[in-house]
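In terms of numbering that gives the first Met the number 0, the sequence shown opens at residue 0 and continues consecutively. Here the structure comes first, spelled out in structure tokens, and everything after it is commentary.
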Amino acid sequence: MFDSVKKELSRRALLYKAGFGFMGLSVVGAVGNIIKPAPTLAQAAPAPSNEPSLPPEKKLGWAIVGLGEFATKQIMPSFAECKKSKLVALVSGDRAKAEKYAQQYSVNPKNIYNYQNYDSIRNNPEVDIIYIILPNALHAEYSIRGVQAGKHIMCEKPMAITVAECQAMIEAAKKANRKLMIAYRAQYEPYNLATIQLAQSGKLGKLKLITSDHGRNLNPKEPQDRWRAQKKLAGGGSLYDIGIYSLQAARYITGEEPVAISAMIYSTPNDPRFREVEENVNFVLRFPSGVLANCSSSYGYSNTKRIQVFGSDAVLELDPATDYYKHRLILKSKNGNQEQKIEDKNQFALEIDHLSESIIQNKQPKTPGEEGLQDVKLMQLIYEAARTGKTIKV
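Below is the structure:
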């Protein structure tokens, strides 16, 4: 799997440099029905794959802030599949690294910025949108500076580390009349969209329970995990980083907001990884319809990205649920188990193009700053519920 992904990323980079776009990997060998993600009351589907690509001069220009592993291995290669967006600028504290990627993706060297001259990006008409891919504690500062420079913003999740920072980001974007979108990639990914459609269509019967578990082993020896072990940069531990996927799943599958929260937190004693951030979080959400959600996040259990939806007539399993390239959706009912095969598309390209389209059409993106603010509010309540041992009414 790892070798195939490496080859795919290399192919994308070459195609991007050559100026070609291409479709995402297709899943073949279908078992059961074919389900095409369709708009629901809660979520609108991304643009269809057969939509023509805009000519290069009409695509909106994107700047990437932060050239860590996620940016360089997932986001930058995905511009090859974008139909309304192009990569035109880079912001990094490492000039040599930025020059290397600028050459790889045909970015003009004059469009390389550092964190000191970042604000001068206001003078670059090629840049329409800035994508913030920095440690959580820097999201607010660089998003606010970005909108003040006249650019629209895509910000990685979690939106920020405090409710106050989220609100400041929203207010700054409104004042500058710029769009602010949070990069909730799963809300643009076809398997997750199909899960929402199935759950809300009644095909599972009356919804009773959702479980969602997201975990992995934190390794602070890796550069991408070093800052995640520091509370001042991460804001929280496994909940802020990957538990947010479990929280999001419960919210977007039900299309509701929780009315009650209970939680427990546990970190392995004397494990140096958890001196500042938590390891395990288990939390329960109750929704107005009566649906309960049992969710977990962990920096200590083996790699898991799973969602289950239990209805009175059928059970849905999405596992892996929030992977970059691999998903599996199974329906279990009295008729047996059926695997649902859906055309895979690049979720990063879909979310990037969604913001570009929202700007072109002057409409609100479906995961705006208010969505990020809600998650940070709820995660703070999860921490409070765990700290106090009480069920928190929302």
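Yeah, the Cβ is synthetic: ideal placement off N, Cα and C, and Gly gets one too.
Check whether residue i and residue j have beta carbons under 9 Å apart
i, j, result
"GLY214", "SER295", "yes"
"LEU246", "LEU377", "yes"
"ASP322", "PRO157", "no"
"PHE347", "GLN103", "no"
"ASP352", "CYS81", "yes"
"ALA148", "ILE129", "yes"
"VAL258", "GLN229", "no"
"VAL283", "SER261", "yes"
"LEU372", "CYS165", "yes"
"ALA249", "ALA185", "no"
"ASN336", "LEU330", "yes"
"ARG206", "SER142", "Note on identity: in this sequence residue 206 is Leu, with Arg being the wrong assignment. It is not a contact, given that the beta carbons lie outside the stated cut-off."
"ILE152", "PHE69", "no"
"ASP240", "LYS304", "no"
"ALA163", "VAL146", "no"
8 Å Cβ shell around residue i - same chain, five flanking residues per side excluded
i, result
"GLN363", "LYS178, SER357"
"ASP93", "LEU66"
"LEU53", "LYS82, LYS83"
"GLU255", "PHE286, PRO287, SER288, VAL290"
"PHE182", "Reading off the sequence, residue 182 comes out as Ala, not Phe. Closer than 8 Å at Cβ, skipping near neighbours: TYR130, MET153, CYS154, GLU155, LYS156, GLU350, THR366."
"PRO222", "GLY67, GLU68"
Near the ligand HEM: residue i beta-carbon under 8 Å from a heavy atom
i, result
"GLY254", "The ligand HEM is not part of this structure, which contains no ligands at all."
Whole-angstrom distance between residue j and residue i, CA atom to CA atom
i, j, result
"HIS326", "ALA320", "6 Å"
"LYS389", "PRO76", "46 Å"
"MET168", "TYR117", "17 Å"
"LEU315", "GLY204", "11 Å"
"PHE78", "ARG386", "43 Å"
"TYR382", "ALA136", "18 Å"
"ILE34", "LYS340", "Confidence in ILE34 is poor, its pLDDT being 32 and thus under 50, which makes the residue's placement too unreliable to answer from."
"PRO55", "LYS85", "8 Å"
"PRO268", "ARG225", "19 Å"
"ILE120", "ILE195", "39 Å"
"LYS150", "LYS57", "17 Å"
"LYS173", "ASN191", "30 Å"
"LYS392", "ILE243", "19 Å"
"LEU317", "ASP270", "32 Å"
"TYR251", "VAL64", "28 Å"
"ARG144", "VAL90", "13 Å"
"ASN176", "THR161", "23 Å"
"ALA62", "TYR112", "10 Å"
"ARG274", "VAL106", "41 Å"
"ASN361", "GLU50", "19 Å"
"ASN279", "ILE264", "6 Å"
"ASN237", "THR71", "The question names Asn, but residue 237 is Ser in the sequence shown. The alpha-carbon atoms of SER237 and THR71 are separated by roughly 23 Å."
"GLU338", "ALA313", "13 Å"
"TYR324", "ASN302", "15 Å"
"ALA193", "LYS220", "37 Å"
Own chain residues within Cβ distance below 7 Å of residue i, not counting five before or after
i, result
"LYS333", "none"
"ASN123", "ALA88, ASN110"
"PRO108", "GLU98, ALA101"
"TYR187", "PRO45, GLN346, LEU349, GLU350, HIS353"
Contacts around residue i, its chain only, beta-carbon distance under 6 Å, and the 5 residues preceding and following it disregarded
i, result
"GLU125", "GLY60, VAL87"
"THR253", "PHE286, VAL290"
"THR210", "ASN293, GLN307"
"TYR114", "GLY92"
"GLN379", "none"
"LEU354", "MET153, MET180, PRO364"
"PRO134", "TRP226, LEU232"
"LEU208", "LEU291, PHE309"
"ASP127", "LEU59, GLY60"
"HIS138", "ILE131, CYS154, ALA159"
Residues that residue i bridges to, as DSSP identifies them
i, result
"LEU208", "LEU291, PHE309"
"GLN339", "LEU328"
"LYS85", "GLY60"
"TYR130", "ILE63, MET153"
"ALA259", "ARG285, LYS392"
"ILE181", "CYS154"
"ILE264", "VAL280"
"THR387", "For THR387, which the question treats as bridged, DSSP gives no partner whatsoever."
"GLY254", "None; GLY254 has no bridge partner."
"SER357", "SER357 pairs with nothing; no bridge assigned."
"GLY214", "SER297, THR303"
"ILE111", "LEU89"
"GLU50", "DSSP lists no partner for GLU50."
"GLU316", "GLN307, ILE329"
"PRO367", "MET180"
>> Three or more C-beta pairs under 8 Å: does that hold for the stretch 358 to 371 against the stretch 93 to 104?
In response: no
> Are three or more beta carbon pairs between the stretch 296 to 315 and the stretch 202 to 216 nearer than 8 Å?
Replying inline: yes
> Given 8 Å as the limit, is there contact between the stretch 188 to 202 and the stretch 231 to 241, that is, 3 or more CB pairs closer than that?
Replying inline: no
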